[in-house]
Structures are given as C-alpha cells and as structure tokens.
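K.L.:
Would you mind keeping the following structure in view while I ask a few things?
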Amino acid sequence: EDHPNYKLCGDQILRNFLNGLVIYKRGRKDVQDDK
C-alpha cells in the first residue's frame with residue numbers, strides 16, 4: 061500500500077490474473093468431451 065504505483069483492483073481483475081498465473085505455472089487442462 062505504500063508503493064507509489066499501488067492501485068486497488070476489483071475482484072474480476074484479480075480473479076483473471078490468478079487464473080492466468082495458474083495456467084502459466086501448471087499448463088492448460090486437457091478437457092475431454094465424452095459424449
């Protein structure tokens with residue numbers, strides 16, 4: 061909070077960032093369609 065570039069972000073922005081970080085670190089899930 062003391063950093064000069066600190067900015068609040070909304071829930072959706074934080075959610076998208078964390079989802080992207082998980083995909084970057086773990087890789088995408090291979091979704092199989094069993095129909």
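According to my numbering, the sequence shown is numbered sequentially starting from 61. Each residue gets a CB set at the ideal place from its N, CA and C atoms; glycine is no exception. It should be emphasised that the depicted structure is a prediction, and the values quoted were computed from it without experimental measurement.
Would the C-beta of Arg-86 count as close to the ligand COA, meaning under 7 Å from any of its heavy atoms?
P.N.:
This structure lacks the ligand COA, and indeed carries no ligand of any kind.
K.L.:
Identify the continuous alpha helix (DSSP H) that holds Leu-78 and give its terminal residues.
P.N.:
From DSSP, the alpha helix (DSSP H) with Leu-78 extends over 71-86.
K.L.:
In whole angstroms, give me the CA-to-CA distance for His-101 and Lys-89.
P.N.:
A question about residue 101 goes unanswered here, because the residues of the chain that appear run from 61 up to 95.
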